[in-house]
Amino acid sequence: KAGVTQTPRYLIKTRGQQVTLSCSPISGHRSVSWYQQTPGQGLQFLFEYFSETQRNKGNFPGRFSGRQFSNSRSEMNVSTLELGDSALYLCASSLEAKLAGGPMGYNEQFFGPGTRLTVL
Amino acid sequence: QKEVEQDPGPLSVPEGAIVSLNCTYSNSAFQYFMWYRQYSRKGPELLMYTYSSGNKEDGRFTAQVDKSSKYISLFIRDSQPSDSATYLCAMSQSGGSNYKLTFGKGTLLTVNP
Chain X
3 KAGVTQTPRY LIKTRGQQVT LSCSPISGHR SVSWYQQTPG QGLQFLFEYF
53 SETQRNKGNF PGRFSGRQFS NSRSEMNVST LELGDSALYL CASSLEAKLA
103 GGPMGYNEQF FGPGTRLTVL
Chain C
5 QKEVEQDPGP LSVPEGAIVS LNCTYSNSAF QYFMWYRQYS RKGPELLMYT
55 YSSGNKEDGR FTAQVDKSSK YISLFIRDSQ PSDSATYLCA MSQSGGSNYK
105 LTFGKGTLLT VNP
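Chains as they are written, first to last, in the numbering used here: chain X, 3 to 122; chain C, 5 to 117.
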């Protein structure tokens, strides 16, 4: 079974440009989450999509946006790039949509290899 | 104060040592506690998860959660060079927010042969 795939793997942009990153979840997975990983801040949650709807959102400015398509593939977009946006962007997918709590309520997330974005 | 604090290390141990990794947190709403392992140039992979307080063992790995102290630990017994990686603790709440993982910054572990 193929894992989560992200394209492109590496990207170099200049300040002020915009960028679109793509994520293909594991087949059958309907939830896709995005994270930003930097040495200074670690892994930070950006947003999560389920059935083409943004269900959870982290504390990032509006320059960061995303969407999900009917086949569960997702894209995230960063507009007006800043130097501080240089990071590894990770996508994670999850199969279940368990909303109940309890020991069986956890939805395991499977991460892709990430897209390394460098802003010059 | 960050919601999740993790000692970044680095931690260097000889092969066969017992490794202890820890995180503290401040949000009492966290219900799920995970440990991820991340190799260089790879995405994180889930090692173990625990619901609420208690211990969980899987082979050489043991996860402990103490919700009263807001403290979680991962123990690695008989550590191997292949265990060399960054270990990340992560936590989430119940319900629809359980997709939002809050991570520690990660501890870089090196196991020397």
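All C-beta atoms in this analysis are idealised placements derived from N, C-alpha and C, irrespective of residue type, glycine included.
In this text the structure is predicted, and so the values were computed from the model without any measurement.
Separation of VAL21(X) from SER86(C), as counted between CA atoms = 36 Å
Compute the minimum distance between the beta carbon of GLU9(C) and the heavy atoms of the ligand ADP, and state whether it is under 7 Å.
-> The ligand content of the structure shown is nil, which means the ligand ADP is not present either.
How many angstroms separate the CA atom of LEU122(X) from the CA atom of THR82(X)?
-> 12 Å
Neighbour list for GLY63(C) in chain X, Cβ cutoff strictly below 7 Å = Result: empty, since nearest Cβ-Cβ is about 18 Å, beyond 7 Å.
If you measure from the beta carbon of PHE79(C) to each beta carbon in chain X, is any gap under 8 Å?
-> no
Which chain X residues sit within Cβ distance under 8 Å of TYR53(C)?
-> TYR108, GLU110
Answer with yes or no whether the minimum CB distance from LEU122(X) to chain C is below 8 Å.
-> no
Among the residues of its own chain, which have a CB less than 7 Å from the CB of ALA94(C), if the five just before and after it don't count?
-> MET38, TYR40, LEU105, THR106, PHE107
Closest Cβ-Cβ distance between PRO48(C) and chain X: below 8 Å?
-> yes
If we count the other Cβ atoms within 10 Å of its Cβ and call it buried at 16 or more, is THR117(X) buried or exposed?
-> buried
Name the DSSP bridge partner or partners of GLN56(X)?
-> TYR51(X)
Hey, does PRO27(X) have any beta-carbon neighbour from chain C nearer than 8 Å?
-> no
For PHE107(C), which residues in chain X fall below 7 Å Cβ to Cβ?
-> GLY44, LEU45
Would you check if there are 3 or more beta carbon pairs closer than 8 Å linking the region 78-85 of chain C to the region 19-29 of chain C?
-> yes
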